[in-house]
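Residue numbers (the numbering used here), protein chains in the order written: chain A, 1 to 383; chain P, 384 to 1332. All C-beta atoms, glycine included, are put in the ideal place defined by N, C-alpha and C. Source: prediction; values computed, not measured.
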Amino acid sequence: MNHYVPLNKVLFLFLILLFSFNSHVRSNDILKSDTVSNIRTVFKAEELIRGERLFYGLVSKDKGTESCASCHNTIVSDELNWNPDAVEISRKYSGKSAGDLSRVLLKPAGEKMAEVHNNFKYSSEDIVLIKAYMDKLAVTGLKQNKPVVTNLFLFIVASIIFLISVTDLIISKKLKRKWIHLLILTGTGIFITNSLVVGALSIGHSPDYEPDQPIKFSHAVHAGQNETDCIYCHSFAHHSKSAGFPSENICMNCHIVVRNGNRSGMFEIAKVVGNYEEKIPIKWIKVYNLQDHVFFSHAQHVEAGGLSCQECHGPVEEMDRIRLNQKLTMGWCIECHRTKNVNFKNNQFYSDYKELADMIRNGKTDSVTVEKIGGTECMKCHY
Amino acid sequence: MKKSSSRRDFLKLFGFTISSAAIAASCKRPVQNAIPYVIQPPEITPGKSLFYSTSYFDGHEYSSILVKTRDGRPIKIEGNALSLFNKEGTTARVQASVLSLYDDARLKYPTIDNIQASWTSVDDQIIKKLSEINSEAGEIVLLSSTIISPTTIKLINEFGARFNKFRWVQYDAFSYSAILEANLQCFGKSVIPDYHFNNAGFLVSLNADFLGTWISPVHFIPKYTSGRKPENREKGMLRHVHFESGMTLTGSNADKRIKIRPSEEKQILIELYNRIEAGINGSEFTGISGRVNLSELADNLIASRGKSIVVSGTNNVEIQIIVNGINFLLGNYTDCIDLNRHINIAAGIDNKIEELVNDLDSGKVNALLMYNINPLYDYPASDKFLSGLGKAGLTVNMSCSLNETVGKAKYECPVNHYLESWNDAEIIPGQLSLGQPCINPLFDTRSFQDSLLKWSGNMVSWHDYLMANWEKEYFTGSGFSVFSKFWDTSLGKGVFDYNIAEKKTLSINSELLSRIINSSDSVKTDGFEVVIYESVSLGTGMHVNNPWLMELPDPVSRHCWDNVAAISPSDAERLNIITGQLIKIGDNLVLPAFIQPGQAEGTLSVALGYGHTNSGPVGNNIGLNVYPFIEFKGGTRNYGFVTDTLENTNKQSELALTQVHNSMEGRPIVRETVLSKYRNNPSSGNELHEEYESKHRTLYPEVNYDGFHWGLSIDLNACVGCNSCVIACQAENNIPVVGKEEVRKRRIMHWIKIDRYYSDTPDDPKVYFQPLTCQHCDNAPCENVCPVSATNHSSEGLNQMSYNRCIGTKYCINNCPYKVRRFNWFRYTNNKAFDFNTVSDLGKMVLNPDVTVRERGVVEKCSFCVQRIQEKKLQAKLENRTLKDFEIKTACMQACPSGAIVFGNLKDKESKVSQLFENPRSYHLLEELHTLPSVGYLTKVWNDEEIES
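Below is the structure:
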C-alpha cells in the first residue's frame, strides 16, 4: 500500500538532496574539479537509450553481472526492497559527475555494496551513459504500477448491467422472459449491495497499512534481532499519552558507531546520520492513526493497565516495515474493555470504589473488568 | 407521464449513488507524519503539559500566574497559588491574554518610516540620533505605561543618566492620578494604598468599581468575599454601602446601593466628614443636610471606627483628600488601609502628561520614545499629541500589538508579548515576582529592555541584566547560599517575598483638609451628567483585538460587541427612548441607548475601550471612542462630562444581548436571606429545599454511584459576577467566538454564563448573579429525548456528550430546563466568516489538544472539564494512590478569585463539596422539577435589615 502524496514526495526529495551533500563520498576537491569541467549534459537519444539498456542489463556484459534495475527498483512497489530505489540514487547523484558515480559504483566503501558490486566491469563511457539515464530518472521519478481490475471497476460494470436490465424490464422490454431480468437483477443487486456495505464499513480503515518510511528502518532488526526494548526508543509510553517517537540523538547513541546494515548497506543509516548532522528532523509516516476525537493514553494502558505493546501493535519485533495490525475500530477497543481486568487489588486508586472493594473482600467477585468501573462510557475516551 | 418522471428520479438517484460510491472508494486517507525532535529537550514530554510561572502586567493589571504549555505552546493561564497578591485567582483579561499571543495583528518586524528594516539598521540610526540630540543638549523623553519592574526602573534610570536632559513620564490610559496626588498632599507619599476589605466591618464606597475594574479586582475580590462570609460569627460580616451613578459590579454586590449624580459626591463626602467629626467630638451636626440621609451612615462608621473603609474612585484630588480625611478621622489607616504596603498599579500623574504634551507641541522635546502606550487613541487631546509628535526630531514607538499610535513614529521597534519576555514586578513593596518566557518570540520582535540596553551601548542581554540585578538586590538576605539556587527557586515559585521596614505613625495635612472641607461646589440638577467608565471586559481598550474579551458580556448589562449609553428607566420613559435606539448626547456623540435598571436619574454611563480604528480586524469600528470626551480639570483628567441636550434620533440599532429576560418572575431561582435571619436559622430563605427533599419520590430506579460522583457547589454569596470563569472555560474547552450577528441570534457558545437578575423594582433593583453551567442532572431531561443516545449518563454522574453521535436534532436543547446546551450552527474554527483568531494557523496554536474541536451541527455543553478529571485520575493510578480532594479543579473553579466554585467527589463524605451540599444554605436550581442536579447553589445572604422587593 503506497500512500505517498505529491507533497511528501517533494519533501522527501528535498531531504535527500540536502543530505546527499553530506554522504560518505563527500570530498570537496573532487566535486570542484569534476563538476566544473567534465560534466556532459547533452546526450543523443541513442545514447540515452543505451544508458537505459545498460541500467536494465539488456546490453550483454559479462555473465553473472547483475543489472542495476535488478536491485534498484524503477517501479513503485509494495514489497520492501532493502536497496535504495533507482530514483533515490539518481537524485543523490544528480548534482555530481559520472566520475563520482564510477568511484562509488566500482570501488564501494560499504561491505554490502562491495559484495554485490564485486565484479562490475563497466567502462567509464558506460558509466557516463548510465549516469545520463539516471539524471533523466531523477526528473521523471518512479514508474507507477499499471492499473489492475479493481472492485470499483466490477462495481461500475455490475451497476451498468443492473441499470440496463431495469430499463429493459420496465421500458424497452427487448427480452421477453422476465426470469432473465430477475436473475440479472438478483445477481448484480447482491454484488452491488455487498460492495456498498463492505465499502461503507471499511471507510476510514486501512487494514495492513504498511507505507514505505523515509528510512528503511526495521523493527525486526532493532526490536527482534538486537532485542532493543521498545521503551528505549518509545520512551514516554509509561508516563504520557503518546509513546513518543525517538529523537535522532537516540538513534545516534548506537549509530555513531554502527554505520553498516546487513541488508541496506550504508545507504539507509547514512540518512539518519546525515539528518542528525544537518539537524533535519525525520518525517516518519504514522501508521497507527487514531481519530482526533479519540483520547488514548499509552500511560493508562501500558503503566496502569500493564498491557504489553504487542497486545495492540502485534508482533512488531517480526516486522521489517511497521504494519497496521488492527482496524482501530471502537468495537475493538470496547471488546478489550469488556474482557480485561483492572489491577483492582494492587492499585490504591481503585480503593475509592467501595462497593466493588466490598464485593472482592466478601468473595462475591474476584476481578473487576474495565467496563465495571465505567470503561465503556463515552466520556472515557471522547471529550 | 407520472411513470416516466419517477423513472427519471430513479436514474438520478442511481447515478448519484454510483458516483458517490466511486468517490468514496477512490479517496485515500491523508498521510499523517510523526516528526520527532532532532535532539529531545529533557523537560518536554509529548502529550504532557508543562507549567511555567510568570507575571502578567500590561500597564493596568497585574497577576502572578502559571502558564500551561503543551509541546512548547502556551495554551492556558492559571493563577499562581503562591502569590500573596492574587492567590489562585485571575481576571477575565488575564485569562484571555494567551489568545493575544497568537494574534495576527501583532507587530512582526521593526520598521523605519513604516518600511520593514533590520534591527541593526534601526539600532544604528537611533543610537546616532540619540547622541546627536544629546550633544546639542536636546531633551530626550521616555513616555511609557506604568512600570512596576524594579529592574526595568533601574535600567531606565541608567539609560537616562547617559543623557544631559532626560525625562521619564509614565502615562495611564485610566488615571489614578488623584489618589496619588491626594496621598502626596495629605501624607507625603505618592502611592495607591492597599485596602484590606477582609479586616473591615463597614465599607462605604463611592463610584469605585473595585470588584470590576478599579485598581486591582483580582486582589480585592478575595478580600471582599472573605470579609462577607455569613458563617464567620466572631468577626461579623462586612456591610457594604455603595454610592454610584451607573450600575457597576460593585454596586450590584453592595448591601445598600444609593444612586447619586457625580456632581453630588463631593457634597456628600463633606457632609459625611462633618457628621463624623461632630459624632466623634460628641457634638451635634449643624451643617446642611443634602438629598441623601447620611446620619445613619455616619453613626455606623463611627461605630466601626478603625474597622471601616471609605473609598472613592473619582479622579478628583479634592474628593480623594476628603476621603483620606474621613479615613484618618476614623482611624482606618494601617489596619484597613495600608499606605506602607501600597499597590504599585499606576504611577501616571495627569499634570506631568499635560506638561509633556504642551512641551511636545511647542517643540521643546527632541526625542520621544514611547513604550506600551496608545496616546493617539486614549489621550483625550490626541490631535494635539499627534501634532507634537511631528515636531520631535526622533520618534520611536515600542508596542506589541497594532494600535492607533503604531505607524505614527519614525521608528517602530515592536516588543515581545509578555509570554515571550523576561521580566520582574513588585506589585506591593516586598512582594516580588518574576516573569519568564514560555515560548520563543514568534516574530522578529525584541523586548523593550533589550532595546534600551542596545541603545545605551550595553552589550549585556536583558536576561543577564535581570539576573545580575537580582543577585545584587535580593540575593543577600534571601537565606540561600548560592545565587543560582535562589534564582531557580524564585523562578520556579514565580514569587519572592521579603520584609520591608514597618511604617511610622501617620499624620495628615489638616490645614489642606479643612480648606477643602469648607469649600463648596455647585450640584447640578438639570441636564445629563455622563459617566465614562472602564468596562469589565475591555478595560481601557488595549486588548480590544481579543475576540474572547470582545464577546464577553458585560456582567451587569449582559451585552457585548458594542458600547452603549446606559440610561435610567424613568429618564427613558420620560424621553420616550427604548433600548437600542440611537441617542445623540451633546453635539456629536451618537450611541445606542440601553435602559439600565438602577442607573441614577439624570445620568448616562458610557464605557471606554471601543471605537478603535487601527487595532486589528476584531476591534476596529466597534462602538465609539469616548476618550476624547474626558476633560482635564483641576489638575486631573475628569472621567465624565455634562450635557444639556439629549436627543432621540429615532433610529434603531440591534444590540448583541446575551440575556433579555431580567426578572426571576417570582420563582426561587436565586434564594436569598438577610444576615439577622440567617443567624437565627441558617436555612432561612432556603426552606423550600427541605420541602422538596422530603417529597423526593421516583418511579425510576435510584441511580447508585460507586467510586465517584462529581459535583459542583457555587456560593452565590461569594460570587461577585466578575466573568473570570467564563473566559477560563472558553480557553480550556476550545469554545468558539461567534461574532455580533450570531450573538444577536442568541447563539453565543459560552459553556458557563453568569445570569444576572434584577428584583422587580427597576428604579432601585437588587442584583443577583448566578453562574450557570450544565447541572449534570442525575435525572437529566436532555438524556431521555435524544433519539441517538448522544447524550447519556456516566457512572461518575457526568452528563456525557458524544459529539460524533450527535445528529443535531436539538431536542436536548429544547428539553433542558436550564438552557445550558449550545448548538454549533457553523464550523466556527475553520470558517472564514468567523475569523476570530482561531481560523488562522497562528490562532489555532491556542487550542487545547485535550479537547475536541466541535464540528458543525452538533450540540455541546459543559463537561465538568472531564479532560482534567481523566488526567488526574490517571495520575493517581500511576502513583498508586487515591485521589485527593481539590486535586481536580475545573477551569472555572481554578480561575475564580473569590473561591465561590468548589468541585469534588460527592461520594467522598469528607470532601469540601460534600460538606457544602450538606450546608443548610445549599439548594439546587429548579429542584422542584426533580432533575436531581449535581450542581448546588448556596443562598445569597445580604447584610441588610430586610430584603426590599
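Closest Cα partner of residue i within the set the options
i	options	result
leucine 722(P)	Ile891(P), Gly840(P) and Asp766(P)	Ile891(P)
asparagine 1116(P)	Glu471(P), Ile736(P), Gln415(P) and Gln478(P)	Gln478(P)
asparagine 882(P)	Ser839(P), Phe911(P) and Pro812(P)	Pro812(P)
glycine 595(P)	Trp1134(P), Ser1107(P) and Val906(P)	Ser1107(P)
phenylalanine 217(A)	Pro84(A), Ala357(A) and Phe43(A)	Pro84(A)
aspartate 682(P)	Glu660(P), Pro763(P) and Glu701(P)	Glu660(P)
alanine 475(P)	Leu935(P), Lys793(P) and Gly1006(P)	Leu935(P)
glycine 331(A)	His234(A), Gly375(A) and Gln310(A)	Gly375(A)
valine 1126(P)	Ile1190(P), Ala1039(P) and Gly1090(P)	Ala1039(P)
valine 552(P)	His800(P), Leu752(P) and Lys747(P)	Leu752(P)
threonine 1028(P)	Val973(P), Gly992(P), Cys796(P) and Ser893(P)	Val973(P)
phenylalanine 1015(P)	Glu737(P), Ile1196(P), Lys572(P) and Asn676(P)	Glu737(P)
valine 76(A)	His219(A), Val157(A) and Asp212(A)	Asp212(A)
glycine 665(P)	Ala686(P), Val675(P), Arg674(P) and Gly673(P)	Ala686(P)
leucine 769(P)	Asp744(P), Phe711(P), Thr1056(P) and Lys1244(P)	Asp744(P)
Those residues which DSSP pairs with residue i across a bridge
i	result
threonine 437(P)	Ile448(P)
tryptophan 1134(P)	Tryptophan 1134(P) is not bridged to any residue.
leucine 137(A)	BP columns for leucine 137(A) are empty, so no partner.
histidine 625(P)	Ser588(P) and Arg640(P)
serine 1046(P)	Tyr1141(P)
threonine 986(P)	Glu912(P)
asparagine 341(A)	Thr369(A)
Exposure label - residue i; buried when at least 16 CB within 10 Å
i	result
serine 436(P)	buried
glutamate 318(A)	exposed
serine 480(P)	buried
glutamine 499(P)	exposed
alanine 344(P)	Nothing can be reported for residue 344(P), as the shown portion of chain P is limited to 384 through 1332.
valine 1324(P)	buried
valine 694(P)	buried
serine 27(A)	Its pLDDT being 33, under 50, serine 27(A) is placed unreliably in this model, and the value from its coordinates should be taken loosely. Serine 27(A) is exposed by the Cβ-count criterion.
valine 913(P)	buried
leucine 453(P)	The sequence given here places arginine at residue 453(P); leucine does not occur at that position. With 16 or more Cβ atoms within 10 Å of its Cβ, arginine 453(P) is classed as buried.
glutamine 979(P)	buried
serine 1332(P)	Residue confidence for serine 1332(P) is low, a pLDDT of 43 falling below 50, so the modelled location carries little weight; the figure read from the coordinates is stated next. Counting Cβ neighbours within 10 Å, serine 1332(P) comes out exposed, since fewer than 16 surround it.
tyrosine 353(A)	buried
alanine 464(P)	exposed
phenylalanine 21(A)	The predicted position of phenylalanine 21(A) is uncertain, since its pLDDT is 38 and thus under 50; no value can be drawn from it.
serine 940(P)	buried
proline 1084(P)	exposed
Hey, is the stretch 919-931 of chain P in contact with the stretch 440-453 of chain P, meaning 3+ C-beta pairs nearer than 8 Å?
yes
Residues in the stretch 184-197 of chain A having any Cβ partner in chain P nearer than 7 Å
Leu196
Could you please tell me which residues of the stretch 370-382 of chain A, in chain order, have their CB closer than 8 Å to any CB of chain P?
Ile373, Gly374, Glu377, Cys378, Met379, Lys380 and His382
For the stretch 247-258 of chain A, list every residue whose C-beta sits within 8 Å of some C-beta in chain P, in sequence order.
Ser247, Glu248, Asn249 and Ile250
Can you list, in chain order, the residues of the stretch 342-366 of chain A whose Cβ is nearer than 7 Å to any Cβ on chain P?
Asn347, Gln348, Phe349, Ser351, Asp352, Tyr353, Lys354, Glu355 and Leu356
Touch test, the stretch 574-593 of chain P against the stretch 625-641 of chain P, Cβ-Cβ under 8 Å, three pairs minimum:
yes
Any contact between the stretch 695-703 of chain P and the stretch 633-650 of chain P? By contact I mean 3 or more CB pairs, one from each, below 8 Å.
yes
Stretch-stretch touch, CB-based, cutoff 8 Å, three pairs: the stretch 423-437 of chain P with the stretch 720-735 of chain P:
no
Taking a cut of 8 Å between CB atoms, which residues from the stretch 412-441 of chain P lie near chain A?
Arg412, Pro413, Val414, Gln415, Asn416, Ala417, Ile418, Pro419, Tyr420, Val421, Ile422, Gln423, Thr428, Pro429, Gly430 and Lys431
Three or more beta-carbon pairs under 8 Å between the stretch 1157-1164 of chain P and the stretch 1312-1321 of chain P, yes or no?
yes
Contact the stretch 1283-1290 of chain P vs the stretch 1090-1101 of chain P: 3+ CB pairs below 8 Å:
yes
Would you check if the stretch 151-170 of chain A and the stretch 186-201 of chain A touch, i.e. whether three or more CB-CB distances between them fall below 8 Å?
yes
Can you find at least 3 beta carbon pairs, one from the stretch 943-950 of chain P and one from the stretch 987-998 of chain P, that sit closer than 8 Å?
yes
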